[in-house]
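Read through the structure below, which is laid out as structure tokens, and then see the notes.
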Amino acid sequence: MQVRESLPMYPVYELDDPMKSILIPADRLQERVRELGQEISEVYRGQVPLLVSILKGGVVFLVDLMRAMSIPHHIDFLQVSSYEGGTKSTGTVRILSDLGTNIEGRDVVLVEDIVDTGLTLSYLLKQLEIRQPRSLRVCALLSKLDVPRIEVPIDFLGFEIPNEFVVGYGLDYDEKYRNLPYIGVLDL
Ligand code: IMP
50 MQVRESLPMY PVYELDDPMK SILIPADRLQ ERVRELGQEI SEVYRGQVPL LVSILKGGVV
110 FLVDLMRAMS IPHHIDFLQV SSYEGGTKST GTVRILSDLG TNIEGRDVVL VEDIVDTGLT
170 LSYLLKQLEI RQPRSLRVCA LLSKLDVPRI EVPIDFLGFE IPNEFVVGYG LDYDEKYRNL
230 PYIGVLDL
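The sequence shown begins at 50 in our numbering and counts up by one.
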């Protein structure tokens, strides 16, 4: 299947699965990420926050978000696993690769691609709190509505979306489709 994106800089994407719909087009994503970058810059002006991206899904969001920020900041990465290739969470979170930065006394922003059951975020928030950052906030691009969920605070949120399995902009299905510049729903 081939899907054409509205912005001219993107190729015609070749997909192994049919795309049911494009939920958030690339231009809308870019616009919202720019707004989030400004919002975060205002909150942390005068400080040097550490943006922690959760691999692999959060990486596309991070690189756009950091370029939308006007203040100096640092970045680091955490890799976790809960989906193990499918479309349903396995219910357990594992840290596959830890931060390289000591976060004690730092202003940390956890940058997450999507909050589904809240399991990943609640686990990571607990793990990071123990390390005594000065502040710890969450920036999530997407949050699914109507999902039974562990309550987690989201300080900066891009979009609320329906409870469907989405791909693109870092999010994968079986490790594919992270490259798509939009958020789409596959016809699985
Ligand atoms: P949670 O722990 O259930 O909140 O899920 C969080 C993680 O699951 C996210 O960081 C994603 O990596 C993955 N995830 C949740 N929903 C989706 C989806 O619709 N598409 C792709 N990955 C998802």
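Just so it is clear, CB atoms sit at the ideal spot from N, CA and C, and this is done for glycine as well.
Roughly how many angstroms lie between the CA atoms of Val97 and Tyr172, to the nearest whole one?
Translated into the one-based positions of the sequence shown, residue 97 becomes position 48. Translated into the one-based positions of the sequence shown, residue 172 becomes position 123. Going by the C-alpha atoms only, they are around 25 Å apart.
Three or more C-beta pairs closer than 8 Å, one from the region 164 to 178 and one from the region 88 to 97: is that the case here?
No, they do not touch.
So, with DSSP's three-state summary, where would you put Phe205?
To locate residue 205, count along the sequence shown from 1; it is residue 156. Per DSSP, reduced to three states, the secondary structure at Phe205 is strand.
Beta-carbon separation of Gly129 and Thr166 under 8 Å?
Translated into positions along the sequence shown, residue 129 becomes position 80. Translated into positions along the sequence shown, residue 166 becomes position 117. The amino acid occupying residue 129 in the given sequence is Val; Gly does not appear at that position. Contact: no.
Which residue wins for smallest C-alpha separation from Cys188, given the options Ser70, Leu64, Val101 and Ile73?
One-based indexing of the sequence shown puts residue 188 at position 139. Out of Ser70, Leu64, Val101 and Ile73, Val101 has the C-alpha closest to the C-alpha of Cys188.
From this set, Arg81, Arg186 and Gly154, which residue's C-alpha is nearest Glu209's C-alpha?
Within the sequence shown, residue 209 is the residue found at index 160, counting from 1. Distance from the Cα of Glu209 is smallest, within the candidate group Arg81, Arg186 and Gly154, for Arg81.
In whole angstroms, what is the alpha-carbon distance linking Phe205 and Ile124?
One-based indexing of the sequence shown puts residue 205 at position 156. One-based indexing of the sequence shown puts residue 124 at position 75. Rounded to whole angstroms, the gap between the alpha carbons of Phe205 and Ile124 is 17 Å.
Please list the segments of the alpha helix (DSSP H) lying wholly inside the region 165 to 196, counting only runs of 4 or more residues, in order along the chain.
Along the region 165 to 196, the alpha helix (DSSP H) occurs as fully enclosed runs of 4 or more residues at 168 to 178, listed in sequence order.
Report all residues from its chain with a CB closer than 6 Å to the CB of Asp162; omit the five preceding and five following residues, and keep chain order.
Position 113 of the sequence shown, counting from 1, holds the residue named residue 162. Excluding sequence positions up to five before and after Asp162, its CB lies within less than 6 Å of the CB of Gly106, Gly107, Phe110, Leu190, Gly219 and Leu220, all in the same chain and listed in chain order.
If I'm right that Pro182 touches Ile203 with Cβ under 8 Å, what's the distance once you round it to whole angstroms?
Within the sequence shown, the letter at position 133 stands for residue 182. Within the sequence shown, the letter at position 154 stands for residue 203. In fact, because the Cβ distance is near 17 Å, the residues do not count as touching under 8 Å.
Does chain E have any CB closer than 8 Å to the CB of Asp65?
Going by chain labels, chain E is absent from the structure shown, which holds only one protein chain.
Pro197: which of Ser184, Gly207, Arg186 and Pro211 sits nearest, CA to CA?
Position 148 of the sequence shown holds residue 197. Nearest of Ser184, Gly207, Arg186 and Pro211 to Pro197, Cα basis: Pro211.
Any idea what DSSP makes of Gln128, helix, strand or coil?
As a first step, residue 128 must be located in the sequence shown, where it is residue number 79. In the structure shown, Gln128 sits in a strand (DSSP, three-state: E or B).
Should Asp223 be labelled buried (16 or more other beta-carbon atoms within 10 Å of its own) or exposed?
In the sequence shown, counting from the first residue as 1, residue 223 sits at position 174. Flag for Asp223 reads exposed.
Closer than 7 Å: Arg214 CB and nearest the ligand IMP heavy atom
For this step, residue 214 is matched to residue 165 along the sequence shown. The question names Arg, but residue 214 is Phe in the sequence shown. Because some heavy atom of the ligand IMP lies under 7 Å away, the Cβ of Phe214 counts as near it: yes.
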